[in-house]
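Engineer: Respectively, the protein sequence lines represent chains C and A.
Taking our numbering, the leading residue of the first sequence gets 253, the next gets one more, and so forth.
Taking our numbering, the leading residue of the second sequence gets 24, the next gets one more, and so forth.
Here a beta-carbon is modelled for each residue, glycine too, at the ideal position from N, C-alpha and C.
Below you'll find the structure I mean.
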Amino acid sequence: MSDEFDKKIEAKADTIVDAGSVPSGSVPGIDYVPAHERPDQELYHSHSWWTTYVFSQDAKYIGIQYAITAIGTGLIGLVLSWMMRLQLAFPGLGILEPSAYYQFITMHGMIMVIYLLTALFLGGFGNLLIPLMCGARDMAFPYLNMVSYWEFLLAVLILLSSFFVPGGPTGAGWTLYPPQAITSGTPGSSAGIVLMLISLCVFVAGFTMGGLNYIITMLQSRARGMTLMRLPLTCWGIFTATVLALLAFPALLVGCIMMTLDSLLGTSFFMPAMISMGEKLSYDGGSPLLFQHLFWFFGHPEVYIIALPAFGIISDLISVHARKNIFGYRMMVWAIVGIGALSFFVWAHHMYVSGMTPWFGYFFATTTLIIAVPTAIKVYNWVLTLWRGNIQLTLPMLFALAFIVTFVNGGLTGIFLGNVTVDVPLSDTYFVVAHFHMVMGIAPILVVFGAIYHWFPLITGRMLHEGIGRIHFWVTFLGSYAIYFPMHYQGFVGVPRRYFEIYDSPYITTSTLHLNVFITIAALIVGAAQLLFLFNLIYSARAGKKAEKNPWKANSLEWLTPEMPPGHGNFGKELPVVYRWAYDFNVPGADKDYIPQTVPPSEVRSAKVEKT
Amino acid sequence: MFPLIVAHIFVLIVVASVAFHFWSPWWWTPVASNWGGMDDTILLTFWVTGVVFIAVCLFMAYCIWRYRYQKDRKAEYKPEDKKLEFHLTWLTTLGVIVMLAPGLVVWHKYVTVPEDALNVEVVAYQWGWKYRLPGEDDILGKTEIKFINDENPFGLNLKDPNGKDDILVDSGDLHIQIDKPVKFLLRSLDVLHNFYVPQFRGKMDMVPGHITYYWLTPIRTGDFEVLCAEFCGVGHYAMRGRVFVDDEKNYNQWLAQQITFEKMLAQNKIDNKSLKLVKNIE
Chain C
253 MSDEFDKKIE AKADTIVDAG SVPSGSVPGI DYVPAHERPD QELYHSHSWW
303 TTYVFSQDAK YIGIQYAITA IGTGLIGLVL SWMMRLQLAF PGLGILEPSA
353 YYQFITMHGM IMVIYLLTAL FLGGFGNLLI PLMCGARDMA FPYLNMVSYW
403 EFLLAVLILL SSFFVPGGPT GAGWTLYPPQ AITSGTPGSS AGIVLMLISL
453 CVFVAGFTMG GLNYIITMLQ SRARGMTLMR LPLTCWGIFT ATVLALLAFP
503 ALLVGCIMMT LDSLLGTSFF MPAMISMGEK LSYDGGSPLL FQHLFWFFGH
553 PEVYIIALPA FGIISDLISV HARKNIFGYR MMVWAIVGIG ALSFFVWAHH
603 MYVSGMTPWF GYFFATTTLI IAVPTAIKVY NWVLTLWRGN IQLTLPMLFA
653 LAFIVTFVNG GLTGIFLGNV TVDVPLSDTY FVVAHFHMVM GIAPILVVFG
703 AIYHWFPLIT GRMLHEGIGR IHFWVTFLGS YAIYFPMHYQ GFVGVPRRYF
753 EIYDSPYITT STLHLNVFIT IAALIVGAAQ LLFLFNLIYS ARAGKKAEKN
803 PWKANSLEWL TPEMPPGHGN FGKELPVVYR WAYDFNVPGA DKDYIPQTVP
853 PSEVRSAKVE KT
Chain A
24 MFPLIVAHIF VLIVVASVAF HFWSPWWWTP VASNWGGMDD TILLTFWVTG
74 VVFIAVCLFM AYCIWRYRYQ KDRKAEYKPE DKKLEFHLTW LTTLGVIVML
124 APGLVVWHKY VTVPEDALNV EVVAYQWGWK YRLPGEDDIL GKTEIKFIND
174 ENPFGLNLKD PNGKDDILVD SGDLHIQIDK PVKFLLRSLD VLHNFYVPQF
224 RGKMDMVPGH ITYYWLTPIR TGDFEVLCAE FCGVGHYAMR GRVFVDDEKN
274 YNQWLAQQIT FEKMLAQNKI DNKSLKLVKN IE
């Protein structure tokens, strides 16, 4: 080892010993804090407008960049869904060509799942909240973090550019199944699909940079005293989801690379001997099922990559706004970890009728229904947190309650589809569409709204407008329930999904088609209500009511920064020191109804706190 | 006041959902195959999950009203309750077993084909259906994509003697006989498809390069629409066919009108003198 390295180690040891002293305000003997394990982080300090706001290395700015890009892309997805719904409700008007319809469903699906929800929960909320909640100055690798965002933006631009290439974007369905994805019976089977695959590869590369940051920050940069079991559940949700993503995205990546090779170089990874447009193609011997396995090995964990951060965030919202500790915290943590682990053993429940060996059905039906148990426990613990609480019906709380209804509904229909026998008649019908929109569309979006209403004051220092918020809430919640609840019954009738037009099939009553009109009208109204929300965001950021510090009287560290919104480096001169978990609400014997994580036991001697 | 309204709206959602379930006109078509067991499993799942949904939502509505915010109320401080969590866990596990076990029994039947089932090959292509039945030898001849040409549209191997008497149905209409089990052998010539008749309940993707299958016994006569249930390109929604369930007499009548592979080849020869029958075979 070089001398220089030895010197560095020595210097590091000095800082640790120095910083390991008892923090100011704490009483020895009562207030125990573990020593520092590493020196304070040296930050990059920006000097120009460009490096502050555009090429920012501050996780808070990167989070907001992620959020704005994701929501902007999501709005395109929303408009696409309007077009599809109009076509389904009024097939006579000729609003779309079949090829455009299929292109729109594909882009809508991929945008919403990957470029909106994944990017928003992990890139957006992850960047904003992880360093703040852990008591860190920034992410562990700020430069890499910045690159992660710019790769995400690049992925979005590549994706959107496919609208402008000959043949248009791919219309293969968001699952991109070969052989149809790259053969000529499908819209966008040449340039469109290749751009989609490249965009996904870029997204995965960018996400890996961000994901390593989230995990390493949470493992290495927590404040003194912030043990893993004192972390807010939001952090646990994002942490586990990121681990899942880092393990699942490689399957998608190799699938995309292999299909790109099939498409451009004529390899036959996924392509069997087949006929297309009356011509025999030169492919031979590949397996379309291999792609499906790779896709769903990514695709099922992907559901939890979105759901777990939502679970975590909702737990925190419910606890803060019901003024009560989250019920069964340890069980909640293990449920998150357990669901994450199990999610890698259930992927083929998307493939019960795919033509894979039917004997897999027994195994995957069993694992899938086992996952219902930890999920149900989470639901019980949410409602048990409400029980004997002191429930403030603030906007975040309203969205949390709506989330529970929607998630329970969508989760239970998942039990239908996970149970292999029941899946046979229902798969590929509107029941599936209704199920996954309820459970991984509406439910997480309600969490996103709840979280934005909750953390908006932290970002801007102002509150969102309550009245506009309430209209937005009721229209979004009741409207989306009205869209997707009846849709399940179209599935029972047997209406297949991905049908440009159903015609008057003999088994379908005309009233089923009328239901399409109702659903479309509801969808238009719900979509329009989101414009109200956007207006609220812009209006309140400029002229909203000034928020007091820690407006919800929460305990977690993000609200305990010296300034609000938090400045560069988050915590001022001295990093916070943590003495308790984030859920000490209404502790018997305490004078106030909440005890922030930084309050040492000596300050609240009369409180009968359980050891955490 | 606001908590009371919110609680009522949540109750209303439950009431409306239950009312919709029982009184809306949208429900499954009467079953036409032996897979009524699938419907029964769905009903069982409905009961179990329905009770959970109603219980959770009503409990929530109760909490919203009963524990509404009051300035001087203190929420309970109780980080966990191991006993309660334990009971909820085993109760949930029990519910899961009640739904899963019957489901797996029905699935076992679905994947266990009776020995006396008639093999019927369903051929899917962009965007239509055709069918092939075994002839007197009860064996379907071998096929490959490379043998397909204008004269041999099903791609049968000319060297396989079992294929000579195969009955080829070059139209989207298939007839099957009531009360006789049928095993559908599913073959695709191009991309993924799925042979789906809503009234039969059964479903399976067709994957080029594989032969997949499922079986059923039709239990009532009638004519039913065939739909493709796996996205297969721009004509997916228009890929329709028909299945007629006949009694024995009508079925035999229909069968007698169909032609065998051998006859088809001969006919093609007459139709086209310049025919090169084996142009794709070395």
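Out of C:639, C:533, C:822, C:333, point me to the one whose CA is closest to residue 710 of chain C's CA.
Structural biologist: Closest by alpha carbon: C:822.
Engineer: Using three-state DSSP, classify residue 514 of chain C as helix, strand or coil.
Structural biologist: If DSSP states are grouped into helix, strand and coil, residue 514 of chain C belongs with the helices.
Engineer: So, is the C-beta of residue 95 of chain A closer than 7 Å to a C-beta in chain C?
Structural biologist: No, because no Cβ of chain C sits closer than 7 Å to the Cβ of residue 95 of chain A.
Engineer: Which residues in chain C have a C-beta closer than 7 Å to the C-beta of residue 70 of chain A? List them in chain order.
Structural biologist: Under the 7 Å cutoff, chain C gives no residues; its nearest Cβ is about 12 Å from residue 70 of chain A.
Engineer: Entirely within the segment 473-521 of chain C and at least 4 residues each: give me those alpha helix (DSSP H) ranges in chain order.
Structural biologist: The qualifying runs are 485-516.
Engineer: Cα separation between residue 379 of chain C and residue 623 of chain C?
Structural biologist: Whole-angstrom Cα-Cα distance: 29 Å.
Engineer: Considering residue 317 of chain C, what are the terminal residues of the alpha helix (DSSP H) in which it resides?
Structural biologist: Looking at the DSSP string, the run of the alpha helix (DSSP H) that includes residue 317 of chain C is 311-341.
Engineer: Which residue comes first and which comes last in the alpha helix (DSSP H) that contains residue 775 of chain C?
Structural biologist: Note, residue 775 of chain C: alpha helix (DSSP H), 762-795.
Engineer: Give the single residue among C:323, C:476, C:402, C:424 whose Cα lies nearest to the Cα of residue 386 of chain C.
Structural biologist: Among C:323, C:476, C:402, C:424, the Cα nearest to that of residue 386 of chain C belongs to C:476.
Engineer: Do residue 446 of chain C and residue 515 of chain C count as a contact pair if the criterion is CB distance below 7 Å?
Structural biologist: Yes; because the gap between Cβ atoms is below 7 Å, this pair is in contact.
Engineer: Who pairs with residue 57 of chain A in a beta bridge, going by DSSP?
Structural biologist: In the DSSP output, where bridge partners are listed per residue, residue 57 of chain A has none listed.
Engineer: Count the other CB atoms within 10 Å of the CB of residue 529 of chain C; is the residue buried (16 or more) or exposed (fewer)?
Structural biologist: Residue 529 of chain C should be labelled exposed.
Engineer: Is there a Cβ of chain A sitting closer than 7 Å to that of residue 849 of chain C, yes or no?
Structural biologist: No, its Cβ sits nowhere closer than 7 Å to a Cβ of chain A.
Engineer: What residues in the segment 351-376 of chain C have a beta carbon less than 7 Å from any beta carbon of chain E?
Structural biologist: No chain E is present in this structure, whose protein chains are C and A.
Engineer: Taking C-beta pairs closer than 7 Å, name the residues in chain C that residue 100 of chain A reaches, listed in chain order.
Structural biologist: Those are 577, 838, 839, 840, listed as they occur along chain C.
Engineer: Does the beta-carbon distance from residue 360 of chain C to residue 332 of chain C come in below 7 Å?
Structural biologist: Yes, the pair counts as a contact, with Cβ atoms nearer than the cut-off.
Engineer: Evaluate residue 271 of chain A with the Cβ neighbour count: other Cβ atoms within 10 Å of its Cβ, from every protein chain shown; 16 or more gives buried, anything less gives exposed.
Structural biologist: So residue 271 of chain A ends up on the exposed side.
Engineer: My guess is that residue 487 of chain C and residue 461 of chain C are in contact by the Cβ rule of under 8 Å, so how many angstroms apart are they, rounded?
Structural biologist: Rounded, the Cβ-Cβ distance is 19 Å, inconsistent with contact.
Engineer: Quick one: grab the DSSP three-state call for residue 675 of chain C.
Structural biologist: Helix at residue 675 of chain C.
Engineer: I want to verify the contact list: residues of chain A whose CB lies under 7 Å from the CB of residue 862 of chain C, in sequence order.
Structural biologist: The answer, in chain order, is 102.
Engineer: Would you mind stating whether residue 732 of chain C and residue 777 of chain C have Cβ atoms separated by less than 7 Å?
Structural biologist: Cβ atoms of residue 732 of chain C and residue 777 of chain C: not closer than 7 Å.
Engineer: In angstroms with no decimal places, state the Cα-to-Cα distance between residue 808 of chain C and residue 553 of chain C.
Structural biologist: Approximately 28 Å between the Cα atoms of the pair.
Engineer: In the segment 621-649 of chain C, which residues sit with their C-beta less than 7 Å from some C-beta in chain A, listed in chain order?
Structural biologist: Here the close residues are 621, 624, 625, 628, 629, 631, 632, 635, 638, 639, 640, 641, 642, 643, 644, 645.
Engineer: When you compare only the Cα positions, how much space is there between residue 830 of chain C and residue 289 of chain C?
Structural biologist: Straight-line Cα distance between these residues: approximately 14 Å.
Engineer: Between the segment 430-449 of chain C and chain A, which residues of the former have a C-beta closer than 7 Å to a C-beta of the latter?
Structural biologist: Those would be 431, 432, 435, 437, 438, 439, in chain order.
Engineer: Starting from the N-terminal side, write out each stretch of the beta strand (DSSP E) that is 3 residues or longer and does not extend beyond the segment 199-281 of chain A.
Structural biologist: With a minimum length of 3 residues, the continuous beta strand (DSSP E) runs that stay inside the segment 199-281 of chain A are 205-211, 216-219, 235-239, 245-251, 263-269.
Engineer: With a threshold of 7 Å between beta carbons, is residue 521 of chain C in contact with chain A?
Structural biologist: It does not; no Cβ of chain A falls within 7 Å.
Engineer: For residue 85 of chain A, name the three-state secondary structure that DSSP assigns.
Structural biologist: Correct three-state label for residue 85 of chain A: helix.
Engineer: I'd like to know whether the C-beta of residue 673 of chain C is nearer than 7 Å to at least one C-beta of chain A.
Structural biologist: Yes - at least one Cβ of chain A is within 7 Å of the one on residue 673 of chain C.
Engineer: By DSSP, does residue 627 of chain C sit in helix, in strand, or in coil?
Structural biologist: Helix, per DSSP.
Engineer: Closer than 9 Å, Cβ to Cβ, to anything on chain C: give me those residues from the segment 246-272 of chain A, in chain order.
Structural biologist: The segment 246-272 of chain A vs chain C, Cβ under 9 Å: 246, 247, 248, 250, 251, 252, 253, 254, 255, 256, 257, 258, 259, 260, 261, 263.
Engineer: What's the gap between the Cα of residue 814 of chain C and the Cα of residue 640 of chain C?
Structural biologist: Approximately 33 Å, taken between the alpha carbons.
Engineer: Rounding to the nearest angstrom, what Cα-Cα distance links residue 646 of chain C and residue 700 of chain C in this structure?
Structural biologist: C-alpha separation (whole angstroms): 15 Å.
Engineer: CB-CB under 6 Å to residue 315 of chain C, same chain, minus the five flanking residues each way: which ones, in chain order?
Structural biologist: Cβ within range, chain order: 376, 379, 380.
Engineer: For residue 278 of chain C, collect the residues of the same chain with a Cβ closer than 6 Å to its Cβ; drop the 5 residues on either side in sequence, then sort them by chain order.
Structural biologist: Counting only Cβ-Cβ distances below 6 Å, and skipping sequence neighbours, we find 852.
Engineer: Using a Cβ-Cβ cutoff of 7 Å, what residues of the segment 99-130 of chain A are near chain C? List them in chain order.
Structural biologist: The segment 99-130 of chain A vs chain C, Cβ under 7 Å: 99, 100, 102, 103, 108, 111, 112, 115, 116, 119, 122, 123, 126, 127, 129, 130.
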